[in-house]
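>
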Amino acid sequence: MSSHTVESTTLETSDGVKLRTRLFKSNDDEVKDKLVIVLVHPYSVLGGCQALLKGIAIGLAEKGYRAVTFDMRGAGRSTGRPSLTGFSEIKDVIAVCKWVCENLSTDRICWWVLLQFDGKKVKMFDGHFMERKKAMLFAVFVPIYLYNHVSAPIAGSAVDEIKEVVGYVSLGYPFGMMASILFGRHHKAILQSPKPKLFVMGTRDGFTSVKQLQNKLRSASGRIETHLIEGAGHFQMEGPVYDTQMVNLILTFIASL
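Note that the UniProt record's numbering numbers the sequence shown so that position 129 is 129, with each residue one more than the last.
1. Tell me whether the beta-carbon of G59 lies closer than 8 Å to the beta-carbon of V241.
2. How is G47 classed by DSSP in three states: helix, strand or coil?
3. What are the boundary residues of the beta strand (DSSP E) that includes residue 278?
4. Would you mind giving the Cβ-Cβ distance between M237 and G176, rounded to the nearest angstrom? I have them listed as a contact below 8 Å.
5. With 16 as the cutoff for other CB atoms within 10 Å, does L84 come out buried or exposed?
6. Given a cut-off of 8 Å on the beta-carbon distance, is the pair L23 and L39 in contact?
7. List the DSSP bridge partners of E225.
8. Near E230, what residues of its chain come up, given a Cβ to Cβ distance below 7 Å and the 5 sequence neighbours on each side ignored?
9. With 16 other CB atoms within 10 Å as the buried threshold, where does R81 fall?
10. To the nearest angstrom, how far is it from the Cα of T9 to the Cα of D92?
11. Report the CB separation of residue 275 from V169 in whole angstroms; it is logged as a contact under 8 Å.
12. Suppose you measure from the CA of G206 to the CA of I254; what does that come to, to the nearest Å?
13. Going by CA-CA distance only, name the one from K25, A51 and T79 that's closest to L19.
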């Protein structure tokens, strides 16, 4: 018998695009920590879709957390067309976050890009706003495709657009020269955000070197953490072999906030 359940729904963005969304949760009646994790999938133009996040979403659900995945515009069963630079997709991330806040009863939200959250209410990790019964949102992002780690930049651009977001995790963020041609305009938003950030990257990424990552993060605001996976390439971290490790990294970062 499965230890988790999956619920599907369709929500609409501010510009009328319909997004196919899934909620993964434990079969247990009690929600652990009332935290929701929103996962943002890899670049739609190169085939990214929420199915790639299934392993991580299940892993989080089996740990007692709620995880939300969705197909961005033009991917899977969502309507609309994907954009080359990812700016239209920012509306998708914001729409899903708002849906979570309005429909999932919780006190915290978490994003993973891949990206994650929780529902209707928003509280800060320090507990100062507990009486407001609000939810906390934490952003995390996974590796995107060749030259196009677009989901990480997309979600990063949305972080400060949603007050409920309290953190960000990026897997394989595209800081390299080639990727920056398309997505460089997204860099400023996440680097200047005061919210806690974790950047995960393989030492053999191929599109962003360890030195490039370190140089970019020197100018970043707020709390910054990095985690290097020795010998891992850009596409390897997208595979199921790394799902468990990614789940553990996300949960460890959440626990540290």
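Glycine residues also receive a C-beta, built at the ideal position from the N, C-alpha and C atoms.
Values in this document were obtained by computation on a predicted structure and should not be read as measured data.
The relevant details are as follows:
1. no
2. In the displayed model, G47 falls within coil according to three-state DSSP, outside both helix and strand.
3. In the structure displayed, the chain extends from 1 to 257; residue 278 sits before or after that span and is not available.
4. Their Cβ separation, rounded to whole angstroms, is 15 Å, which puts M237 and G176 out of contact at 8 Å.
5. exposed
6. no
7. As computed with DSSP, E225 is found in a beta bridge with L198.
8. T203
9. exposed
10. 14 Å
11. Residue coverage of the chain in this structure runs from 1 to 257, which leaves residue 275 outside it and unanswerable.
12. 28 Å
13. T79
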